[in-house]
Structure formats: C-alpha cells, structure tokens
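Okay, structure first, notes after.
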Amino acid sequence: MTIEIDNLRISFGDREVVKGVSFNVAKGASFGIVGESGSGKSTVLRAMAGLNNEWSGRIAFSGEDAPLHRPPAFFRKVQMVFQDPYGSLHPRQTIDRILSELPLVHGMNKIDDRIAKVLSAVALPISARFRYPHQLSGGQRQRVAIARALIAEPEVLLLDEPTSALDVSVQAEILNLLADLRAERNLTYVMVSHNLSVIAHLCTEVGVMIDGNMVEEVTTEDLRLGNVNHAHTRELRSLSVELEEPA
Amino acid sequence: MLVEINNLKIGFQSRTGLHQAVKGVSMTLGTEKLGIVGESGSGKSLTARALMKLLPRQTVIEADRLAFDGIDILAASEKQMRSIRGKRAGFILQDPKYSLNPVKTIGSQVAESWHTHKGGSRRQSLEAAIMLLEQVKIRDPRKVAASYPHEVSGGMGQRVMIAMMLAPDPELLIADEPTSALDATVQAEILRLIEELVSERGMGLLLISHDLPLVSHFCDRVAVMYAGHVVEELKASELLSAQHPYTRGLLNCMPSLIHPKERLPVLTRDPEWLK
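If you read the sequences in order, they're chains A and B.
Residue numbers are given in numbering that gives the first Met the number 0: position 247 of the first sequence equals residue 246, and the series is strictly consecutive.
Residue numbers are given in numbering that gives the first Met the number 0: position 130 of the second sequence equals residue 129, and the series is strictly consecutive.
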C-alpha cells in the first residue's frame with residue numbers, strides 16, 4: 000500500500016501543531032519520522048490512523064483519499080502500535096479477549112485459529128493466551144500489542160515509539176521481530192521515534208520534524224554518511240553519534 | 000568514603016516466602032561519579048533507595064555494612080535519616096511531572112527547599128531560589144520562578160528538580176534515571192549539567208540508568224547489575240574491553256547509526272551469570 004501525505008495541517012484550537020507536512024511512502028517501504036517532543040510527529044501518525052478528525056490536506060492510502068471519518072474496512076488495512084505497552088492493553092481483559100476484539104468487530108471467521116497463529120508470529124508462548132497483561136513482562140506486552148495490530152492482517156503498520164519504554168535488550172528483540180514481520184508480510188511501516196539509531200535501523204528513509212514542519216527528508220544511507228542539509232538534522236545526528244559510542 | 004555498601008541484600012516478604020531482589024551487592028563511592036547500569040528489575044533503584052532508607056516497611060534489608068559518610072544507615076533512627084535526606088544527599092527522580100507539586104509555583108517550591116535547610120526570610124529564600132534556577136542554566140529565572148510546573152517543558156522541569164536538590168549543598172547526588180523521560184537533545188544537556196555541577200562542587204554522584212554507553216560519558220566508574228548482583232565493575236573508559244558477557248551483550252544489542260547491523264544480536268541469558 001502506498002501512502003501519500005500532502006500538505007497536512009493539524010490544529011488544536013487556535014494552535015497549529017502540524018504546518019503543512021508532505022511525504023510519500025512506497026509499498027513495502029519503511030519511513031521514519033524523528034523529532035523532539037512537541038514537534039508534531041505523533042500527531043501526524045494519529046491523523047493517519049484516523050484518531051484525529053481535525054486535519055486538512057490530503058492523506059491517501061493506495062492512491063485513495065482517506066475520508067475524515069474512516070470506514071470500518073480501513074482499519075483492516077491500517078493498524079497502529081502504541082508506545083506504552085503498560086497503558087495500551089486493557090488490564091482486566093485476558094490476552095485472548097484483547098486479541099479477539101478486532102476479529103469480532105469485523106465479523107471475521109476462525110477467530111481461535113487466528114489468535115493462535117498471530118501469537119506464534121510474534122513468538123509468544125501459547126500459555127500467554129489466557130494470562131492478563133500484568134502477568135507479562137514489558138517486552139511480552141509489546142508483542143501482544145503488535146499481535147493485536149497483526150490480527151487484522153493489515154498492509155500498513157503505524158508505529159509510535161514502539162520500543163522507547165523497553166530495556167535495550169528487549170528493544171533489540173522487538174526491532175528484530177518488526178523487521179522479520181515486514182519482510183514476511185510485505186508490510187509498509189511508518190515509525191515515529193526520537194531515537195535516531197532506532198529509526199535508522201528499521202527505516203530506509205527518514206523525515207526530520209521540528210516545530211510542526213518536516214524540514215528534511217533523507218535516506219538512511221545519507222544520514223549514516225552525514226550528507227544532510229538542515230542544521231537540526233546535523234545536530235540530532237552528531238548527538239546520536241557522540242552518545243552511542245562508549246567513552 | 001562517602002558511601003560504603005557491603006553485601007547488601009534486599010528482600011520482600013510475601014505470602015509464599017521471601018523474594019530476594021538484591022542478592023549481595025557491594026560498592027563504595029567517594030567524591031566521584033559512579034554509574035549503576037542494568038535492566039529493569041536488576042535491583043539498581045532498590046540499592047539507591049536502601050541507602051536513603053526509602054523502602055516500604057515490609058522490605059527486609061540486610062547488609063554487612065551500609066553507611067553514608069560513616070553513619071550506619073541500618074541502625075540510624077528516622078530522625079537521623081531526615082537530617083541526611085535532602086540535606087546531605089539529594090535524590091533526583093525520573094519524571095519531573097510527578098515529582099513537582101502541580102499547585103505551587105516553581106519559585107516557591109525551590110524556595111521552600113532552601114528555607115527548610117538554610118532558614119532565612121521569605122524574601123531571602125525566593126532570591127536564593129532565583130539564584131539556584133540561574134545556576135541550572137535557566138535563561139529567564141524570574142519568569143520560570145513565577146510559573147507552575149505544567150507551564151514548563153520536561154527538560155525545564157528536570158532543571159528545577161536539580162535546583163531544588165542543590166539548595167542545601169548536598170555532598171552526594173543520587174540521580175535515578177534522571178533523563179529517561181526526556182528527548183535525546185535535552186537528555187545530553189541535563190546530564191552535562193549534572194556532571195558539571197557535581198564536579199564544580201566536589202560532590203559524589205550515583206547515576207542510575209539503563210543506557211550503558213550514555214552513562215559512560217558522564218561517569219568515572221560503571222557498575223553493571225544483573226538480577227540483583229553486580230556482575231562487573233569497571234572504569235567508564237574501559238567499557239569497550241568489558242569482560243562479562245552480559246555487559247558485552249548490552250553494548251552489542253544497541254542499534255547504531257554509524258555501524259549498521261543487519262540484525263541486532265539478542266542477549267542469551269546464561270544461568271551461570273546468577274552464580
């Protein structure tokens with residue numbers, strides 16, 4: 000599924016937080032958005048997912064303009080994974096219940112099989128199925144959140160800081176899982192993060208946002224080599240390079 | 000020695016028995032910067048909290064020696080502890096959003112911390128508060144002093160927390176994940192600020208974090224904790240030649256901008272590490 004975002008503007012009240020952002024993502028590609036808190040990167044992602052109705056401009060999936068109110072079928076194609084696996088899973092529902100919500104809503108068949116399949120796709124033991132979220136570790140919970148997105152058999156995954164609440168060792172496992180899933184299922188990713196190394200690991204192209212504007216789009220290759228133009232990109236890059244090496 | 004910890008054990012009594020979370024940790028700290036690194040659940044925060052006796056009552060703490068500047072913490076009364084906490088040892092917590100009082104201005108909170116430890120009039124403490132805010136490099140200290148916590152950014156909030164901790168001129172600063180809730184750029188600024196202030200004032204620093212390479216930039220020594228044990232302690236500059244497979248695993252599993260990896264190596268946990 001190709002994604003086209005054209006002159007996207009989002010305001011909260013009188014305050015414009017996204018000021019005309021445009022970018023395209025090819026089918027099967029992965030696009031990363033970096034920026035500091037308040038730069039509007041998550042707001043862009045939420046508008047794409049249909050979680051925000053106050054936007055203007057154009058958001059199109061596979062060449063079709065997405066309407067302000069998305070039809071149910073849209074959510075079979077586009078799914079989102081949130082940052083905090085502690086806050087995004089219902090504490091009083093078992094994993095089985097959480098995962099069956101979407102198939103029930105969409106009237107899908109063979110729910111039992113689908114859940115078993117999706118749990119094995121994210122490498123969770125079958126014993127996790129009838130546990131509650133608090134009985135799982137942070138990494139396992141994020142796997143559940145990814146499984147919940149995958150059960151819709153989507154073509155696009157929108158990832159909002161999927162690893163920033165996790166330990167680095169668990170982060171590595173989740174990043175590997177996301178890379179594998181994309182290769183297996185030919186998914187298209189849009190990922191938001193403030194960690195440049197994480198974005199560079201998973202994405203082939205990066206958009207840098209500051210203050211509601213996307214000031215630069217570079218390929219990961221150019222970013223690694225330092226072929227960047229905007230001062231903010233340079234700043235983020237040099238900081239990341241400086242701090243990732245041990246002293 | 001500012002801090003002496005010898006064979007510290009922390010456990011939680013539950014219905015089914017005693018759960019040991021920290022299993023014999025030893026370390027010492029003088030006027031230097033020590034980093035404690037480990038995953039969640041490794042016992043790094045518990046170790047720091049035990050030092051200030053800030054653990055719930057049902058916690059079982061044992062140690063051959065647990066001392067702050069020669070004072071035996073385990074034997075110290077609550078009164079003695081109150082003269083240490085804040086005054087002689089400051090504690091910076093992870094998220095300024097939850098550590099500041101939302102209904103009082105920033106100035107009055109910093110002034111209160113100064114007044115509690117130093118005394119003086121209201122006016123004096125407010126002036127001192129503004130001086131402190133200036134020291135943590137807040138550009139317009141008067142304006143910030145008059146604002147409420149929700150009106151400032153996370154990085155600014157953390158600077159305010161640091162200003163409050165510095166008010167009584169402590170000898171030790173304990174920073175528990177001081178920057179995990181902040182952006183990468185702000186993170187570096189705050190850590191640099193902490194490091195500068197600590198070096199300038201000749202304080203000891205205990206920096207707790209899960210980010211090994213980051214910590215190594217701001218500390219002299221690093222202790223790596225795993226499942227309640229210190230598995231390795233080494234100089235920050237010698238991190239690249241770390242011996243323990245856990246330390247090496249933590250370093251390797253980070254994605255890197257400069258050295259791209261096709262797949263990230265995943266930690267294989269060896270039961271041997273627990274011995």
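Backbone N, C-alpha and C define an ideal beta-carbon position, used for all residues, glycine too.
It should be emphasised that the depicted structure is a prediction, and the values quoted were computed from it without experimental measurement.
Give me, in chain order, the residues of the same chain whose beta-carbon lies closer than 8 Å to that of residue i; leave out the 5 immediate sequence neighbours on both sides.
| i | result |
| --- | --- |
| B/A226 | K22, G40, S41, G42, W272, L273 |
| A/V143 | P84, L88, I94, I97, L98, V121, L123, A127, P132, L135 |
| B/Q19 | K8, I9, G10, G227 |
| A/D64 | R57, I58 |
| B/L54 | I9, L45, R48, I60 |
| A/E216 | F22, E204, V205, G206, V207 |
| B/V143 | I105, G106, L132, I137, V151, M155, V159 |
| A/E53 | I9, S10, F11 |
| B/V102 | Y147 |
Could you tell me which chain D residues have their CB closer than 9 Å to the CB of residue i, listed as they occur along the chain?
| i | result |
| --- | --- |
| B/V159 | No chain D is present in this structure, whose protein chains are A and B. |
Could you check whether the Cβ of residue i sits closer than 9 Å to any Cβ belonging to chain A?
| i | result |
| --- | --- |
| B/S39 | yes |
| B/I207 | no |
| B/M253 | yes |
| B/L125 | no |
| B/D182 | yes |
| B/H216 | yes |
| B/E264 | According to the sequence shown, residue 264 of chain B is Pro rather than Glu. Yes, its Cβ sits closer than 9 Å to a Cβ of chain A. |
| B/G42 | no |
| B/P270 | no |
| B/D210 | yes |
| B/S152 | yes |
| B/A49 | no |
| B/K260 | yes |
Using C-beta distances below 7 Å, list every residue in its chain close to residue i, excluding the 5 sequence neighbours before and after it, in chain order.
| i | result |
| --- | --- |
| A/L222 | A199, V205, R236 |
| A/A178 | L201 |
| A/A25 | T1 |
| B/I72 | L50, K52, L65, A66 |
Give the single residue among the options whose Cα lies nearest to the Cα of residue i.
| i | options | result |
| --- | --- | --- |
| A/G62 | A/I4, A/L238, A/S196 | A/I4 |
| A/G37 | A/V16, A/V20, A/G27 | A/V16 |
| B/V214 | B/R200, B/D139, B/L250, B/M163 | B/L250 |
| B/V62 | B/V24, B/K32, B/I35 | Strictly speaking, residue 62 of chain B in this sequence is Ala, with Val absent from that position. Comparing Cα-Cα distances from B/A62 to each of B/V24, B/K32, B/I35, the minimum goes to B/V24. |
| B/G89 | B/S107, B/L204, B/L256, B/A20 | B/L204 |
| B/K136 | B/K103, B/G37, B/L192 | B/L192 |
| A/V104 | A/F73, A/A115, A/T1, A/T42 | A/F73 |
| A/L118 | A/Q139, A/V197, A/E100 | A/Q139 |
| A/Q78 | A/L177, A/L158, A/I9 | A/L158 |
| B/P270 | B/T27, B/E126, B/D175, B/P244 | B/P244 |
| B/M163 | B/R84, B/Q12, B/A235, B/E188 | B/R84 |
| B/Q57 | B/L17, B/I35, B/T27 | B/L17 |
| B/E237 | B/I91, B/V2, B/D219 | B/D219 |
| B/R200 | B/H209, B/P167, B/A187, B/V229 | B/P167 |
| A/V197 | A/D13, A/R14, A/I32 | A/I32 |
Any beta carbon from chain B within less than 9 Å of residue i's own beta carbon?
| i | result |
| --- | --- |
| A/E216 | no |
| A/A182 | no |
| A/R233 | no |
| A/A151 | no |
| A/P245 | yes |
| A/R130 | no |
| A/Q170 | yes |
Can you say whether residue i is buried or exposed, counting buried as having 16 or more other CB atoms within 10 angstroms of its CB?
| i | result |
| --- | --- |
| B/F217 | buried |
| B/R138 | exposed |
| A/I150 | buried |
| B/H149 | exposed |
| B/H114 | buried |
| B/A183 | buried |
| B/T246 | buried |
| B/M0 | exposed |
| B/S198 | exposed |
| B/A74 | exposed |
| A/H68 | exposed |
| B/R14 | exposed |
Under 9 Å, do residue i and residue j count as touching if we go by C-beta distance?
| i | j | result |
| --- | --- | --- |
| B/M130 | B/L172 | no |
| A/H193 | A/I209 | no |
| A/P245 | B/L239 | yes |
| A/V155 | A/T187 | yes |
| B/P254 | A/A171 | yes |
| A/I145 | A/I173 | yes |
| A/V214 | A/H229 | yes |
| B/P177 | A/L242 | no |
| B/R87 | B/E170 | yes |
| B/A187 | B/Q93 | no |
| B/A110 | B/L125 | yes |
Would you say the beta carbon of residue i comes nearer than 8 Å to a heavy atom of the ligand MN?
| i | result |
| --- | --- |
| A/H133 | Here there are no bound small molecules, and the ligand MN is not part of this structure. |
Using a Cβ-Cβ cutoff of less than 6 Å, which residues in the same chain neighbour residue i once the five nearest sequence positions on both sides are dropped?
| i | result |
| --- | --- |
| A/N6 | G19, S21, G56 |
| A/V169 | G138 |
| A/L44 | L157, D159, V191 |
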